Structure formats: C-alpha cells, structure tokens
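Engineer: Chains as they are written, first to last, in the UniProt record's numbering: chain Y, 1 to 548; chain B, 1 to 519.
Heads up, the beta-carbon is just placed ideally off N, CA and C, and yes, glycines get one too.
Note that the structure is predicted; figures quoted are calculated from it, not measured.
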Amino acid sequence: MSSLSATIQDVFNEPACAKNATKSAADRKKGCTKQLQPGGAAGGCAFDGAKIALQPLTDVAHLVHGPIACEGNSWDNRGAKSSGPTLWRTGFTTDMNETDIVFGGEKRLYKAIREIIEKYDPPAVFVYQTCIPAMTGDDINAVCKAAREKFGKPVIPINSPGFVGPKNLGNKLAGEALLEHVIGTEEPDETTPYDINIIGEYNLSGELWQVKPLLDELGIRILSCISGDGRYREVAYSHRARAAMMVCSKAMINVARKMEERYGIPFFEGSFYGIGDTSDSLRQIARLLVDRGAPADLLDRTEALIAREEARAWAAIAPFKPRFQGKKVLLITGGVKSWSVVAALQEAGLELAGTSVKKSTKEDKERIKELLGQDAHMIEDMTPREMYRLLKDAKADIMLSGGRSQFVALKAAMPWLDINQERHHAYMGYVGMVKLVEEIARTLFNPVWAQVRRPAPWDDPADTWQARADAALAAEAADPGKAEQARRAAGVCACKGVDLGTIEDAVRAHGLSSLDEVRRHTTAATGCGACASRVEDVLAALPALAAE
Amino acid sequence: MTQSAEHVLDHFELFRGPEYQEMLVNKRQQFENRRDPAEVERVREWAKTPEYQEKNFAREALTINPAKACQPLGAVFAAVGFEGTLPFVHGSQGCVAYYRSHFSRHFKEPTSCVSSSMTEDAAVFGGLNNMIDGLANTYSMYKPKMIAVSTTCMAEVIGDDLNAFIKTAKEKGSVPAEFDVPFAHTPAFVGSHVTGYDNALKGILEHFWDGKAGTAPKLERAPNGKINFIGGFDGYTVGNLREIKRIFGLMGIGYTILGDTSDVWDTPTDGEFRMYDGGTTLAEAADAVHATATVSMQEYCTEKTLPFIAGHGQEVVSFNHPVGVAGTDRFLMALARLTGVEIPAELERERGRLVDAMADSSAHIHGKKFAIYGDPDLCLGLAAFLLELGAEPTHVLATNGNKAWAEKVQALFDSSPFGKNCHVYPGRDLWHLRSLLFTEPVDFLIGNTYGKYLERDTGTPLIRLGFPIFDRHHHHRFPVWGYQGGLNVLVTILDKIFDEIDSNTNVPSKTDYSFDIIR
Numbered sequence: 001m002s003s004l005s006a007t008i009q010d011v012f013n014e015p016a017c018a019k020n021a022t023k024s025a026a027d028r029k030k031g032c033t034k035q036l037q038p039g040g041a042a043g044g045c046a047f048d049g050a051k052i053a054l055q056p057l058t059d060v061a062h063l064v065h066g067p068i069a070c071e072g073n074s075w076d077n078r079g080a081k082s083s084g085p086t087l088w089r090t091g092f093t094t095d096m097n098e099t100d101i102v103f104g105g106e107k108r109l110y111k112a113i114r115e116i117i118e119k120y121d122p123p124a125v126f127v128y129q130t131c132i133p134a135m136t137g138d139d140i141n142a143v144c145k146a147a148r149e150k151f152g153k154p155v156i157p158i159n160s161p162g163f164v165g166p167k168n169l170g171n172k173l174a175g176e177a178l179l180e181h182v183i184g185t186e187e188p189d190e191t192t193p194y195d196i197n198i199i200g201e202y203n204l205s206g207e208l209w210q211v212k213p214l215l216d217e218l219g220i221r222i223l224s225c226i227s228g229d230g231r232y233r234e235v236a237y238s239h240r241a242r243a244a245m246m247v248c249s250k251a252m253i254n255v256a257r258k259m260e261e262r263y264g265i266p267f268f269e270g271s272f273y274g275i276g277d278t279s280d281s282l283r284q285i286a287r288l289l290v291d292r293g294a295p296a297d298l299l300d301r302t303e304a305l306i307a308r309e310e311a312r313a314w315a316a317i318a319p320f321k322p323r324f325q326g327k328k329v330l331l332i333t334g335g336v337k338s339w340s341v342v343a344a345l346q347e348a349g350l351e352l353a354g355t356s357v358k359k360s361t362k363e364d365k366e367r368i369k370e371l372l373g374q375d376a377h378m379i380e381d382m383t384p385r386e387m388y389r390l391l392k393d394a395k396a397d398i399m400l401s402g403g404r405s406q407f408v409a410l411k412a413a414m415p416w417l418d419i420n421q422e423r424h425h426a427y428m429g430y431v432g433m434v435k436l437v438e439e440i441a442r443t444l445f446n447p448v449w450a451q452v453r454r455p456a457p458w459d460d461p462a463d464t465w466q467a468r469a470d471a472a473l474a475a476e477a478a479d480p481g482k483a484e485q486a487r488r489a490a491g492v493c494a495c496k497g498v499d500l501g502t503i504e505d506a507v508r509a510h511g512l513s514s515l516d517e518v519r520r521h522t523t524a525a526t527g528c529g530a531c532a533s534r535v536e537d538v539l540a541a542l543p544a545l546a547a548e
Numbered sequence: 001m002t003q004s005a006e007h008v009l010d011h012f013e014l015f016r017g018p019e020y021q022e023m024l025v026n027k028r029q030q031f032e033n034r035r036d037p038a039e040v041e042r043v044r045e046w047a048k049t050p051e052y053q054e055k056n057f058a059r060e061a062l063t064i065n066p067a068k069a070c071q072p073l074g075a076v077f078a079a080v081g082f083e084g085t086l087p088f089v090h091g092s093q094g095c096v097a098y099y100r101s102h103f104s105r106h107f108k109e110p111t112s113c114v115s116s117s118m119t120e121d122a123a124v125f126g127g128l129n130n131m132i133d134g135l136a137n138t139y140s141m142y143k144p145k146m147i148a149v150s151t152t153c154m155a156e157v158i159g160d161d162l163n164a165f166i167k168t169a170k171e172k173g174s175v176p177a178e179f180d181v182p183f184a185h186t187p188a189f190v191g192s193h194v195t196g197y198d199n200a201l202k203g204i205l206e207h208f209w210d211g212k213a214g215t216a217p218k219l220e221r222a223p224n225g226k227i228n229f230i231g232g233f234d235g236y237t238v239g240n241l242r243e244i245k246r247i248f249g250l251m252g253i254g255y256t257i258l259g260d261t262s263d264v265w266d267t268p269t270d271g272e273f274r275m276y277d278g279g280t281t282l283a284e285a286a287d288a289v290h291a292t293a294t295v296s297m298q299e300y301c302t303e304k305t306l307p308f309i310a311g312h313g314q315e316v317v318s319f320n321h322p323v324g325v326a327g328t329d330r331f332l333m334a335l336a337r338l339t340g341v342e343i344p345a346e347l348e349r350e351r352g353r354l355v356d357a358m359a360d361s362s363a364h365i366h367g368k369k370f371a372i373y374g375d376p377d378l379c380l381g382l383a384a385f386l387l388e389l390g391a392e393p394t395h396v397l398a399t400n401g402n403k404a405w406a407e408k409v410q411a412l413f414d415s416s417p418f419g420k421n422c423h424v425y426p427g428r429d430l431w432h433l434r435s436l437l438f439t440e441p442v443d444f445l446i447g448n449t450y451g452k453y454l455e456r457d458t459g460t461p462l463i464r465l466g467f468p469i470f471d472r473h474h475h476h477r478f479p480v481w482g483y484q485g486g487l488n489v490l491v492t493i494l495d496k497i498f499d500e501i502d503s504n505t506n507v508p509s510k511t512d513y514s515f516d517i518i519r
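1) Could you check what DSSP says for Thr294 of chain B in three-state terms: helix, strand or coil?
2) Apart from the five residues just before and just after Ser117 of chain B, which ones in its own chain have a Cβ nearer than 6 angstroms to its Cβ?
3) Any C-beta of chain B within less than 8 angstroms: which residues of the segment 79 to 97 of chain Y qualify?
4) Looking only at C-alpha atoms, which of Y:Lys395, Y:Leu214 and Y:Gly276 sits nearest to Val329 of chain Y?
5) When you compare the CB of Arg442 of chain Y with every CB in chain B, is at least one pair closer than 9 angstroms?
6) Go ahead and pull the three-state DSSP assignment for His473 of chain B.
7) Quick one: what's got a C-beta closer than 6 angstroms to Asp429 of chain B's C-beta in the same chain, skipping five residues either side?
8) Give a yes or no on whether 9 angstroms exceeds the smallest Cβ distance from Glu178 of chain B to chain Y.
9) Does any CB atom of chain B fall closer than 9 angstroms to the CB of Gly206 of chain Y?
10) For the alpha helix (DSSP H) that contains Glu303 of chain Y, what are its first and last residues?
11) According to the Cβ coordinates, are residue 595 of chain Y and Val127 of chain Y closer than 9 angstroms?
12) Following the continuous beta strand (DSSP E) through Val424 of chain B, name the residue where it begins and the one where it ends.
13) Could you check if Gln374 of chain Y is buried or exposed, using at least 16 other CB atoms within 10 Å of its CB as the buried criterion?
14) Anyone know if the C-beta pair for Ala142 of chain Y and Val60 of chain Y falls short of 9 angstroms?
15) Given Leu350 of chain Y, which residues of its chain have a CB within under 6 angstroms of its CB, disregarding the five upstream and five downstream residues?
16) Just the chain B side, please: which residues come within less than 9 angstroms of Val431 of chain Y by C-beta, in chain order?
17) Quick one, are the C-beta atoms of Tyr483 of chain B and Val325 of chain B less than 9 angstroms apart?
18) Considering only C-alpha positions, which residue in the set Y:Thr443, Y:Gln451 and Y:Gly527 is nearest to Cys495 of chain Y?
19) Name the residues in the segment 331 to 356 of chain B whose C-beta lies less than 7 angstroms from a C-beta of chain Y; which are they?
20) Val25 of chain B to Phe413 of chain B, Cα distance in whole Å?
21) Can you list, in chain order, the residues of its chain whose CB lies under 7 angstroms from that of Ile132 of chain Y, leaving out five sequence neighbours each side?
22) Identify whether Asn163 of chain B lies in helix, strand or coil by the three-state DSSP scheme.
23) Taking the C-alpha atoms as reference points, what is the distance between Ala450 of chain Y and Ala345 of chain B?
24) Leaving out the 5 sequence neighbours to the left and right, which residues in its chain are closer than 6 angstroms to Phe125 of chain B when beta-carbon positions are compared?
25) Could you check whether Asp356 of chain B and Met297 of chain B sit closer than 9 angstroms to each other, using their CB atoms as the reference points?
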C-alpha cells in the first residue's frame with residue numbers, strides 16, 4: 001500500500017493545474033478531489049474512475065479482481081464506441097469467493113489471467129484492484145509481474161481500489177498506470193510530423209468520429225487516443241506524438257503533463273464541444289504541430305477548413321431561429337462543458353436563462369448568480385418545488401443537464417435534454433452542434449411536456465402543487481421578511497449544510513474577509529470544496545449589502 | 001435420408017435438407033416453366049412505385065388481404081359474454097368453424113359455438129327444420145342457460161325469419177317456452193364483425209327489456225344509479241374488463257358489464273372443462289334497463305345498441321377505444337359526472353405514473369412515423385395516443401371504416417401539429433397499405449398478426465396491437481385501457497423500437513459498435 005499512497009500523493013501534487021498551484025502546501029497535500037461525505041448521495045469510487053478511463057481501450061481484456069460487486073454492477077455500462085475490437089465489452093472478473101478472502105486471491109487471479117490469454121490472446125490484460133483484495137493483501141503488482149514473465153504479454157496492474165477516493169482520483173490513478181507500465185514501451189512503424197495524441201477523450205456515442213474526418217482532411221494523424229476507440233499498442237507508442245490535446249477535463253491532466261516532461265510533447269487543454277471551441281482546438285493543434293516542425297502551410301489549410309465548416313454549421317443552425325424565437329434554455333451541469341455550447345444555442349436564437357457557474361464568463365456569472373446558487377450536485381438534492389421555483393424564476397422553456405438531474409426535471413414538469421455521458425447522440429464537433437440544436441428543437445416541441453405540466457383535468461386548478469408553489473412564491477414576494485428569509489435559506493455548502501444567511505451573519509459578526517476565515521467560522525467549503533468560489537462571491541458582495 | 005424415425009425433423013429443418021433442396025431445384029427447372037427471374041424482380045420493384053400505387057388504388061371490385069371479418073364473428077363475441085350462453089349460428093356450419101378457430105387461436109382458449117348446419121336442401125326449402133332440430137339438440141346436449149341466435153349469409157339470402165322460426169321451434173318443443181333465445185340478423189354482406197357485435201348485443205338487450213319476443217311484459221325502467229359498461233369487440237377483452245372492474249371498484253360505482261368475456265376466454269387449468277364461465281348473468285342483463293347510463297368504449301361497435309338504450313331513457317356515452325392519458329381522463333370524468341363520485345387519489349397517482357413513463361421515454365417515440373390499421377375505434381384510440389406521444393400516425397387505415405369515421409380521424413389529425421402530414425384511408429385493405437408503405441415509408445406499423453406479411457415485404461417493423469393476434473401469446477390478458485393499459489401500450493411500442501435498434505446494430509465487427517445495453 002505504501003507505493004499506492006505515494007502515487008496518490010504524487011497525483012495530488014499536480015503542477016499543471018492552475019488551481020492546485022495557488023494552494024498552500026498543506027492544502028495541496030489534501031488533494032484536489034472531493035472528500036467523500038458520509039451520509040451523502042455518493043458518486044462513483046476510484047475503481048470506477050479507473051475503469052471508465054481505461055475501458056474504452058478496445059482490444060484489451062479488462063479483468064476486475066474482486067468479488068462480483070465491482071464488475072457485476074458495471075460491465076459494459078458505458079456508451080464508448082469501438083471501430084473494431086469488441087473484447088473491451090466482455091466482462092472479466094475473478095469473482096472472488098469466501099475461500100479467496102480467507103486464503104488470498106492471488107492464485108485465482110493468476111489463473112484468470114492465464115485463462116484470458118489462452119482463450120482470447122489479447123495484446124494486453126489490465127488487472128483492476130478493488131477494495132477487498134486490497135484489504136486482504138493480494139499483491140496484484142507481483143501477480144501481474146509473474147504473469148507478464150510467464151506469458152510474455154503485457155499484464156498491467158491498475159491500482160485504484162475504491163476506498164482510496166472518488167472517481168476523479170481513479171481517473172488519475174489509471175493514467176499513472178499507463179505512464180508506469182504502457183506508454184513508451186513500444187515503437188510505431190512510422191512517424192509523421194502530424195502525429196498527435198488526444199488525452200481524456202472516450203469516444204462516447206462515437207463522437208470522436210465526428211471530428212476525426214476533419215483531422216484526416218488536414219493530414220493530421222491521431223497517433224493515440226487515450227482512451228476512446230484506442231488500441232493497446234497505440235497507447236504504448238504514444239510517446240512518439242509531436243503534440244497532444246487534453247480534452248477539456250482535468251481527469252487525465254497528469255498523463256498530459258508527464259508526457260510533456262518525459263517526452264517533450266507539448267499539450268493544450270481544449271474542447272470539441274461548440275463551434276468556436278472546435279475551431280480553437282483545431283487551430284491549437286495546427287499551431288503546436290507547426291511549432292514542432294510541421295510545414296507551416298498547415299495553419300492556412302486549417303483556417304480554410306475552419307471557415308468552411310463554421311459556415312456550414314451556422315447555415316444548418318439558422319433555419320431553427322424562427323422556431324426558437326423567445327425560447328429560453330437553462331444549462332445545468334456537473335463536469336461536462338455546457339458553457340462551450342452557449343454560442344451555438346444563442347446563434348440558433350435561444351435565449352440563455354442561466355448556466356452553471358463553473359467556467360462561465362464574468363457577465364454570465366453575474367446574470368445567473370441569483371438563479372443558480374448551487375451546482376449540479378446540489379440540484380439533485382432539490383425538491384421538485386425548489387426546482388420549480390428555480391425554473392419559474394428563470395422563465396426557462398427547457399433544461400439541459402446531466403442524466404441524474406433528468407428525473408427531477410421531469411417531476412418539476414420541465415422539458416429536459418441530456419447532454420452528459422449517458423446520451424445517445426454525439427454532440428462533438430461542428431455537426432455535433434447542429435445535432436444538439438435539432439435535439440433541442442425536438443424536445444421543446446414534444447407534446448409530452450404539455451401533458452406533464454397539466455394537472456389532471458378533474459383537479460381544482462387552485463389546488464395543484466404548481467398553484468400552491470406559486471402561492472407560496474407570491475406570499476414571499478408580498479412579504480419582504482419572507483423573501484429575505486428565503487434568500488438567506490439558499491444553500492451554499494451542500495456538504496456541510498451551510499446556508500447563505502449563516503455565512504453572512506458570520507462575516508458581519510466577526511468581520512471576516514477571507515475564505516479561510518469563513519471556513520473556520522462556519523465549516524462552509526470544508527467538504528468537497530466545490531462551493532469555495534461561491535463563498536468568495538458572498539464575501540465580495542457583502543460590502544454592497546452593508547452599504548444598503 | 002434427411003428424415004429418419006430416430007430423429008424426426010419438423011418443416012423448419014426438413015425441407016432445408018439436401019434431398020428436398022435438390023428435388024425443388026429439379027422441379028423448378030424441369031416442370032415449372034418459370035418466368036425469367038430478372039422479369040420477376042422487375043415487377044416486384046415496379047409494385048413499389050407510385051405508378052403501381054395509382055393502379056392499386058383504382059381497384060374497384062377486388063379486396064386483397066382484408067382487415068376485417070364478418071358480422072356473425074362479432075355476434076359470437078357478444079353472446080359468449082353472457083352467463084351460460086351458447087351462441088347458435090343459423091346457417092352453414094363452415095362459417096361457425098371459422099369463428100371458433102379464430103377466437104381459439106387468438107385467446108388460446110376453446111370457444112363454444114354451434115351451428116344449425118344448413119345444407120343444400122335447407123338453402124332451397126328454408127332452414128326452419130334446421131332451427132327446430134338445432135335448438136333441440138343444443139338444449140339437450142350442452143345444457144345452456146341461454147341460446148343466442150345469429151345468422152350467416154346463407155340464411156339471410158333466403159330470408160329466414162328468426163323471430164318466427166324460434167317461436168315455431170318453441171311451439172314444437174325444441175326448448176321450453178320460457179327459455180331465453182335472443183336473436184339477431186347478422187348477414188356478412190353488410191358491415192363487419194363490429195356490426196355483428198352491435199346487432200347481437202342489441203338483440204339480447206331487446207329480448208330481456210322488451211318482453212322476450214312478446215312472451216312477457218316489457219320492463220318498466222326504475223333508475224338505480226348503476227352504470228352499464230360495454231367494451232365492444234375487443235381483442236384485449238380479458239385484460240381490459242378486469243382493469244375496468246378494478247377502476248369501477250376504486251371509484252365505488254355500481255356497474256353491470258354487458259357481455260363480460262373476461263372469464264370464458266381465460267379459464268384456469270385445474271382439471272375442469274368449463275364450456276361456460278363467468279359472464280353477465282341473465283338477471284343482470286334484464287336489470288341493466290334500470291341503470292342511470294350506459295358507457296360504450298367503442299362507438300362503432302354500438303351504433304345501434306346505444307340508440308336502443310337511449311330509447312329506454314338512459315343517458316348513453318361512447319368513446320373510441322380510449323388509450324393514453326387524455327382518452328382515459330375523458331372516460332373517468334364521464335364516469336364521475338354520471339355517478340357524482342370523485343375520481344379517487346389512487347387513479348390520479350396511476351395517471352401521474354403514466355405521464356411520468358411517457359416523459360421518461362418520449363424521446364424515443366417523438367417524431368417517429370407510424371402506420372396503423374385495425375378496427376375503426378382501435379385506430380382512433382391508438383392514433384390519439386401516438387399524437388399524445390409526439391409521434392405521427394402517418395397512415396390510418398380501416399377496411400371496415402366508413403366516411404363518418406374518416407372525418408373523425410381527420411378531425412383528430414387536425415387537433416395536433418403532429419397530425420399535419422397524416423392521412424386516413426377508409427374502406428382500404430392491406431394491399432393498399434402495402435403500396436403506401438413503399439411510397440410513403442413509415443418507421444413502424446401497428447396492426448394484427450396479418451401485418452407480418454407487410455413487415456416482411458416492406459421491411460416496416462410490426463408492432464402487434466389489434467385482433468387477431470395468432471402468432472404471439474397472451475397479450476390479451478393485459479389491459480390497454482385505463483392508465484395501466486396505456487402503460488402496456490407504451491411498453492409494447494417501446495419494446496419494438498428498442499428491439500429494432502438492437503437488430504440494426506448486432507452484426508459483430510460491423511454494426512455492433514452501437515449494440516448498447518443502456519438505452
């Protein structure tokens with residue numbers, strides 16, 4: 001376990017992360033990932049994070065060492081797409097039993113690896129550690145090493161048992177395993193000045209394939225995608241790429257940064273969501289390649305392609321304008337980059353009623369601060385009434401969000417479109433945005449919503465929950481005291497259950513001026529830390545309040 | 001030998017064996033004088049064109065693959081819904097064999113029905129003797145509590161007078177004078193099975209309410225606050241009537257189901273053969289005259305029955321096979337209005353659950369195009385539900401639909417933006433539909449078992465909803481009415497949509513990159 005905890009410490013110390021760089025040494029040690037909140041509605045574990053990060057490698061046998069829980073509940077549960085091998089979709093597990101727990105499961109693991117190699121002969125076997133064998137002391141590193149030597153085949157230990165932390169940490173630990181055991185172990189047949197890596201892209205719904213033709217046209221080769229539609233060998237020789245794009249997610253930042261350190265591969269953080277973002281990313285790729293010696297005409301060719309594709313996309317979106325006249329959209333999301341689709345939505349004539357605060361521009365942030373005090377994590381805890389109020393205040397016609405907010409949206413009678421990973425449509429690239437706009441149009445005009453919003457026709461119209469919620473809202477509006485009470489009751493820190501009023505009182509009473517002081521006095525932002533920026537907003541707003 | 005006594009192959013396998021294949025090839029080459037396969041292919045393709053469609057729709061005399069059956073089939077349906085009642089079809093016996101097999105194949109239950117077995121003599125000299133002997137034999141052999149008489153074309157063409165025949169038969173002692181023998185003239189050359197249902201039901205009510213063919217005093221109506229319920233000719237009658245009883249129970253309404261087929265077509269396997277089971281008792285049938293109102297779920301199955309009942313002073317309300325939220329809302333509100341009871345919270349919860357399910361899955365149905373064929377009321381109910389889901393019922397076809405029905409369907413289209421490009425086809429058959437499916441393709445076809453040929457020829461996936469359904473089992477045991485029924489229909493449609501996605505993505509290493517487990 002000592003090497004695992006060393007790895008975790010190493011992962012936490014991520015110099016390429018701007019956020020991390022501003023932290024104190026002690027905070028940095030605590031890590032950037034959310035602490036698990038006992039009693040909370042938990043997200044996935046580190047094992048899950050590692051598994052989803054690597055599972056899209058299509059020709060690898062992914063063997064989960066543990067009791068049936070880990071693989072039994074999760075095999076083949078991701079919408080990543082493969083252009084060839086299907087082995088990655090087969091669920092392999094050691095399915096440990098009581099005897100394995102008592103006497104150790106290493107032999108079973110070794111045999112399982114042997115059986116996979118005998119029956120499937122994959123280019124590599126990835127062995128995932130889980131909580132139970134990690135606790136009973138199965139040394140999967142040693143087993144993998146023995147198997148590697150015996151069978152002459154890469155057998156890669158992925159040391160990310162669930163208990164070490166949340167999903168995001170698992171993503172990084174998976175990246176560490178690749179860095180330690182895979183990347184740089186093979187050589188490509190040939191290299192070109194146009195070779196790139198794409199890191200942190202999973203080809204969900206096959207959306208990478210909406211961008212790949214553009215790269216193909218420019219002569220840019222994806223030497224390796226980690227890990228969407230990837231092959232083991234491609235990852236093994238990915239160190240020969242000239243440049244890398246880290247797809248807009250910090251999940252695998254350690255991989256991108258360490259490949260820059262070790263192999264001199266420059267990277268940038270970009271996104272293929274949204275028209276402007278796609279163009280920017282293509283430009284950046286071209287720029288990095290030219291910097292590293294590719295012929296300079298690549299830049300002009302890229303600009304020409306961007307101009308053509310943008311024109312096409314805008315032209316395809318334009319016809320929706322009349323239909324979207326006066327329609328408002330509310331964007332709520334956890335990780336996915338909803339902010340980058342805003343331009344496309346506005347171009348299609350949709351008004352933006354609000355978006356989640358992460359990564360929004362300052363103006364956006366001002367506009368939505370009152371609408372959305374919380375991020376998606378909080379929205380799941382909202383009652384339908386609170387959601388109703390939120391949506392009513394926003395005067396939104398449709399909500400775009402991740403799958404877990406779906407059911408709340410439906411219960412609050414709000415049209416809803418899924419833009420997170422469980423979706424079935426690919427929204428990446430220029431065509432992806434056109435598809436998104438089409439889907440929004442379909443959702444907005446779906447008659448089910450009218451039905452959802454209508455009470456049963458025999459109900460007294462004054463006695464529906466909507467009417468009651470409206471009445472409560474009206475009462476609040478009529479009574480400044482109640483309105484103030486409601487404003488103060490808005491949650492800020494979900495983990496510790498601290499509301500706005502508590503923070504304001506503490507700031508006023510003790511003359512607090514920094515985040516750390518607020519933390520000490522109220523415990524706000526001492527859980528997952530996601531609300532830190534909101535606490536800072538409260539601090540920034542208080543002098544104005546005092547001035548009133 | 002392909003076939004051997006040790007291992008007997010059925011037709012799936014047997015005729016694929018080398019010796020049969022060889023024999024068929026030889027026969028084809030030596031004796032069949034086959035058309036040039038290229039010419040066959042050309043014509044096959046031509047039959048998919050608008051040009052062919054025009055000729056197809058210009059057909060005047062020939063009906064090809066009809067989506068309807070004859071009146072007596074409906075008469076038998078209505079009759080078996082009464083306690084201890086044996087349907088007696090006056091006419092040729094072959095017809096009756098069809099009704100029995102038709103129902104047995106759909107409901108997977110025996111269906112008892114007898115015939116007066118008219119032969120050539122009877123056709124020439126009249127069927128009176130067949131009626132006299134037939135009633136006598138039926139009465140003594142099968143011990144029914146009632147014999148409900150209907151007719152085939154044969155008896156109708158020669159003009160047999162059922163009223164007089166039955167009277168004569170009673171006088172001759174075939175059955176006791178007070179024994180109930182209601183009757184209805186049900187010629188197949190008029191209307192369809194839904195008409196026959198209507199006539200037979202009206203005949204039974206007329207018998208009990210209007211003095212049993214002059215042998216008893218007419219009943220004086222004394223309103224008792226109850227509701228009569230008529231399901232109509234309905235392939236889901238077993239599940240539907242049980243659901244309707246549950247709904248009446250939840251609402252606390254006194255009711256009489258006129259023609260309760262839910263037991264006779266779903267008898268338990270417990271060692272006892274039930275020739276008759278359940279059904280509306282004869283006392284209830286007579287007592288039904290006193291009800292406050294009568295509700296019919298299928299307007300076109302009760303076009304004569306409802307005016308007859310209204311003539312006795314009851315309010316009558318009819319629906320068009322309501323499926324889904326709005327249809328069920330209207331049905332329940334009518335019950336509430338007629339009886340003055342409130343719709344219970346439990347039903348409102350079920351409503352909310354159906355709305356929830358529709359919203360959860362609507363994205364998969366929304367915008368899809370459907371062709372629907374079936375009985376007029378079923379077409380209306382399903383089309384309304386599809387519009388509710390944001391789907392387009394592009395083609396709606398009923399061989400037994402008339403002009404008034406077509407206007408009603410058109411009005412339904414006009415009520416929704418999703419009905420804009422939809423068309424109704426009254427009096428057309430499945431060969432017309434075949435052309436439509438080629439020239440204006442849709443995503444899914446809704447119909448009965450016969451739709452499987454259209455599915456095969458046109459590649460349009462078939463969702464089985466209707467009657468008869470021979471090649472899938474037991475769906476008639478689940479309701480399509482009420483909010484629960486709406487949920488069943490939703491699931492039936494969704495299952496096919498998802499199956500279709502799967503079957504389009506299941507070729508290993510070709511299309512299976514989309515062969516997902518989460519939809």
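Structural biologist: Based on what the coordinates show:
1) Your numbering for residue 294 of chain B matches position 294 in the second sequence. The answer is strand: DSSP assigns Thr294 of chain B an E or B state.
2) Reading the second sequence from its first residue, position 117 is the one you call residue 117 of chain B. Cβ neighbours of Ser117 of chain B beyond the five flanking positions: Gln93.
3) Residues of the segment 79 to 97 of chain Y with a Cβ closer than 8 angstroms to any Cβ of chain B, in chain order: Gly79, Lys81, Ser82, Ser83, Gly84 and Thr86.
4) Position 329 of the first sequence, counted from the start, is the residue given in the question as residue 329 of chain Y. Distance from the Cα of Val329 of chain Y is smallest, within the candidate group Y:Lys395, Y:Leu214 and Y:Gly276, for Y:Lys395.
5) As a working mapping, residue 442 of chain Y is identified with position 442 in the first sequence. Yes - at least one Cβ of chain B is within 9 angstroms of the one on Arg442 of chain Y.
6) The residue given as residue 473 of chain B occupies position 473 in the second sequence. In this structure, His473 of chain B counts as coil in the three-state DSSP scheme.
7) Taking the second sequence and counting its residues from 1, one reaches residue 429 of chain B at position 429. Taken in chain order, the residues that qualify are Thr63, Ile64, Asn65, Pro66 and Thr399.
8) Within the second sequence, residue 178 of chain B is the residue found at index 178, counting from 1. It does not: the Cβ of Glu178 of chain B has no partner Cβ on chain Y nearer than 9 angstroms.
9) Numbered from 1 along the first sequence, position 206 holds the residue referred to as residue 206 of chain Y. Yes, because at least one Cβ of chain B sits closer than 9 angstroms to the Cβ of Gly206 of chain Y.
10) Numbered from 1 along the first sequence, position 303 holds the residue referred to as residue 303 of chain Y. In this chain, the alpha helix (DSSP H) harbouring Glu303 of chain Y covers Asp297 to Ile317.
11) With chain Y running from 1 to 548 in the structure shown, residue 595 of chain Y is simply not present.
12) The residue labelled residue 424 of chain B in the question sits at position 424 within the second sequence. Counting along the chain, the beta strand (DSSP E) containing Val424 of chain B begins and ends at His423 to Pro426.
13) Numbered from its first residue, the first sequence carries residue 374 of chain Y at position 374. Per-residue confidence for Gln374 of chain Y stands at a pLDDT of 36, beneath the threshold of 50, marking its modelled position as unreliable; no derived number is given.
14) Numbered from 1 along the first sequence, position 142 holds the residue referred to as residue 142 of chain Y. Numbered from 1 along the first sequence, position 60 holds the residue referred to as residue 60 of chain Y. Not closer than 9 angstroms, so no.
15) Sequence index remark: in the first sequence, residue 350 of chain Y carries index 350 (1-based). Phe324, Lys327 and Val329, listed in sequence order.
16) In the first sequence, residue 431 of chain Y corresponds to position 431, counting from 1. Identification of chain B residues near Val431 of chain Y by a Cβ-Cβ cut-off of 9 angstroms yields none; the smallest Cβ-Cβ distance measures about 17 angstroms.
17) Along the second sequence, one-based indexing puts residue 483 of chain B at 483. Along the second sequence, one-based indexing puts residue 325 of chain B at 325. For Tyr483 of chain B and Val325 of chain B, yes; Cβs fall inside 9 angstroms.
18) As a first step, residue 495 of chain Y is located in the first sequence; it is residue number 495 there, counting from the start. Residue Y:Gly527 is the option with its Cα nearest to Cys495 of chain Y.
19) Interface annotation for the segment 331 to 356 of chain B against chain Y: Met333, Ala336, Ile343, Glu348, Arg351, Val355 and Asp356, criterion Cβ-Cβ distance under 7 angstroms.
20) In the second sequence, the residue the question calls residue 25 of chain B occupies position 25. In the second sequence, the residue the question calls residue 413 of chain B occupies position 413. Take the alpha-carbon of Val25 of chain B and the one of Phe413 of chain B: they are about 51 angstroms apart.
21) Numbered from 1 along the first sequence, position 132 holds the residue referred to as residue 132 of chain Y. Cβ-Cβ distances below 7 angstroms link Ile132 of chain Y to Gly66, Pro67, Met96 and Ile101 in the same chain, with the five nearest sequence neighbours on each side left out; the list follows chain order.
22) In the second sequence, counting from the first residue as 1, residue 163 of chain B sits at position 163. DSSP places Asn163 of chain B in helix when its eight states are reduced to three.
23) As a working mapping, residue 450 of chain Y is identified with position 450 in the first sequence. As a working mapping, residue 345 of chain B is identified with position 345 in the second sequence. In a straight line, the C-alpha of Ala450 of chain Y is about 22 angstroms away from that of Ala345 of chain B.
24) Along the second sequence, read from residue 1 onward, the residue named residue 125 of chain B stands at position 125. Annotation for Phe125 of chain B: no residue places its beta carbon closer than 6 angstroms to its own, counting only its chain and skipping 5 residues before and after.
25) By one-based count along the second sequence, residue 297 of chain B stands at place 297. By one-based count along the second sequence, residue 356 of chain B stands at place 356. The answer is no: Cβ separation not under 9 angstroms.
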